[in-house]
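Asker:
Residue numbers (UniProt numbering): 1 to 102.
1. What is the rounded straight-line gap between the Cα of residue 4 and the Cα of residue 48?
2. Short of 8 Å in beta carbon distance, which residues of its chain neighbour residue 11, apart from the five on each side in sequence? Order them along the chain.
3. By the DSSP assignment, the alpha helix (DSSP H) with residue 103 in it spans what residues?
4. Residues in its own chain within less than 6 Å of residue 58 by CB, not counting five upstream and five downstream?
5. Closest to residue 62 by C-alpha separation, out of 73, 75 and 26, would be which residue?
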(Lines of atoms letter the chains of each structure in order from A; the text may use other names.)
(Lines give C-alpha, C1' and ligand atoms only; values in the text may rest on other atoms or scores of the structure.)
Protein backbone atom coordinates (compact mmCIF):
# COMPACT_ATOMS: atom_id res chain seq x y z
CA UNK A 1 0.00 0.00 0.00
CA UNK A 2 1.43 3.34 -0.93
CA UNK A 3 1.97 6.11 1.59
CA UNK A 4 -0.76 8.31 0.08
CA UNK A 5 -3.28 5.46 0.20
CA UNK A 6 -2.53 4.85 3.85
CA UNK A 7 -2.83 8.50 4.80
CA UNK A 8 -5.98 8.84 2.68
CA UNK A 9 -7.67 5.92 4.41
CA UNK A 10 -6.75 7.17 7.87
CA UNK A 11 -7.93 10.70 7.11
CA UNK A 12 -11.22 9.35 5.73
CA UNK A 13 -11.80 7.46 8.99
CA UNK A 14 -11.15 10.65 10.98
CA UNK A 15 -13.42 12.76 8.76
CA UNK A 16 -16.22 10.19 8.92
CA UNK A 17 -16.08 10.26 12.73
CA UNK A 18 -16.05 14.06 12.82
CA UNK A 19 -18.93 14.50 10.38
CA UNK A 20 -21.28 11.81 11.66
CA UNK A 21 -22.91 14.18 14.15
CA UNK A 22 -24.30 17.59 13.23
CA UNK A 23 -22.28 20.43 14.75
CA UNK A 24 -19.28 18.28 15.66
CA UNK A 25 -17.06 19.70 12.91
CA UNK A 26 -17.72 23.25 14.09
CA UNK A 27 -17.10 22.31 17.72
CA UNK A 28 -13.83 20.52 16.92
CA UNK A 29 -12.72 23.36 14.66
CA UNK A 30 -13.46 25.92 17.36
CA UNK A 31 -11.80 23.93 20.14
CA UNK A 32 -8.67 23.15 18.10
CA UNK A 33 -8.58 26.70 16.67
CA UNK A 34 -8.18 25.29 13.15
CA UNK A 35 -10.27 26.64 10.30
CA UNK A 36 -13.02 24.22 9.25
CA UNK A 37 -11.93 24.62 5.63
CA UNK A 38 -8.90 22.47 6.48
CA UNK A 39 -11.14 19.55 7.45
CA UNK A 40 -11.00 17.72 4.15
CA UNK A 41 -8.77 14.91 2.88
CA UNK A 42 -6.00 17.15 1.54
CA UNK A 43 -6.15 19.57 4.47
CA UNK A 44 -5.75 16.85 7.09
CA UNK A 45 -3.28 14.85 5.03
CA UNK A 46 -0.93 17.84 4.75
CA UNK A 47 -1.50 19.13 8.29
CA UNK A 48 1.55 19.52 10.52
CA UNK A 49 1.75 17.01 13.34
CA UNK A 50 1.28 19.53 16.15
CA UNK A 51 -1.93 20.81 14.53
CA UNK A 52 -3.18 17.26 13.87
CA UNK A 53 -2.61 16.47 17.55
CA UNK A 54 -4.78 19.49 18.44
CA UNK A 55 -7.51 18.05 16.21
CA UNK A 56 -7.19 14.65 17.90
CA UNK A 57 -7.36 16.23 21.34
CA UNK A 58 -10.46 18.22 20.38
CA UNK A 59 -12.04 15.07 18.99
CA UNK A 60 -11.39 13.26 22.28
CA UNK A 61 -13.16 16.04 24.15
CA UNK A 62 -16.11 16.35 21.75
CA UNK A 63 -16.81 12.70 20.91
CA UNK A 64 -18.19 9.94 23.10
CA UNK A 65 -15.30 7.85 24.38
CA UNK A 66 -16.73 4.67 22.83
CA UNK A 67 -16.85 6.25 19.36
CA UNK A 68 -13.36 7.73 19.74
CA UNK A 69 -12.01 4.30 20.74
CA UNK A 70 -13.80 2.72 17.76
CA UNK A 71 -12.19 5.28 15.42
CA UNK A 72 -8.76 4.53 16.89
CA UNK A 73 -9.35 0.80 16.36
CA UNK A 74 -10.31 1.39 12.71
CA UNK A 75 -7.14 3.43 12.19
CA UNK A 76 -5.06 0.73 13.88
CA UNK A 77 -6.51 -1.97 11.59
CA UNK A 78 -5.73 0.07 8.47
CA UNK A 79 -2.21 0.74 9.74
CA UNK A 80 -1.46 -2.90 10.56
CA UNK A 81 -2.90 -4.06 7.23
CA UNK A 82 -0.42 -1.68 5.56
CA UNK A 83 2.43 -3.13 7.62
CA UNK A 84 1.43 -6.66 6.63
CA UNK A 85 1.34 -5.58 2.99
CA UNK A 86 4.87 -4.23 3.35
CA UNK A 87 5.99 -7.55 4.80
CA UNK A 88 4.55 -9.19 1.68
CA UNK A 89 6.76 -7.11 -0.58
CA UNK A 90 4.65 -4.00 -1.19
CA UNK A 91 6.27 -0.65 -0.52
CA UNK A 92 4.88 2.20 1.58
CA UNK A 93 5.84 4.85 -0.93
CA UNK A 94 4.84 5.48 -4.48
CA UNK A 95 1.96 6.89 -6.48
CA UNK A 96 -1.29 8.22 -5.12
CA UNK A 97 -3.55 5.78 -7.03
CA UNK A 98 -6.84 5.02 -5.20
CA UNK A 99 -5.90 7.15 -2.15
CA UNK A 100 -9.21 9.01 -2.18
CA UNK A 101 -11.34 6.08 -3.27
CA UNK A 102 -11.45 4.37 0.10
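Using N, Cα and C, we set each Cβ at its ideal position, and we do this for glycine too. Owing to the predicted nature of the structure, the values given are computational and were not obtained by experimental measurement.
Answerer: Short version:
1. In the chain shown, residue 4 corresponds to position 4, counting from 1. In the chain shown, residue 48 corresponds to position 48, counting from 1. Between the alpha carbons of residue 4 and residue 48 lies a distance of about 15 Å.
2. Reading the chain shown from its first residue, position 11 is the one you call residue 11. Counting only Cβ-Cβ distances below 8 Å, and skipping sequence neighbours, we find 41, 44 and 45.
3. This structure leaves residue 103 out entirely; the chain is present only between 1 and 102.
4. Taking the first residue of the chain shown as 1, we reach residue 58 at position 58. Taken in chain order, the residues that qualify are 28, 31 and 32.
5. Taking the chain shown and counting its residues from 1, the one referred to as residue 62 is at position 62. Ranked by how close their Cα comes to the Cα of residue 62, the residues 73, 75 and 26 have 26 in first place.
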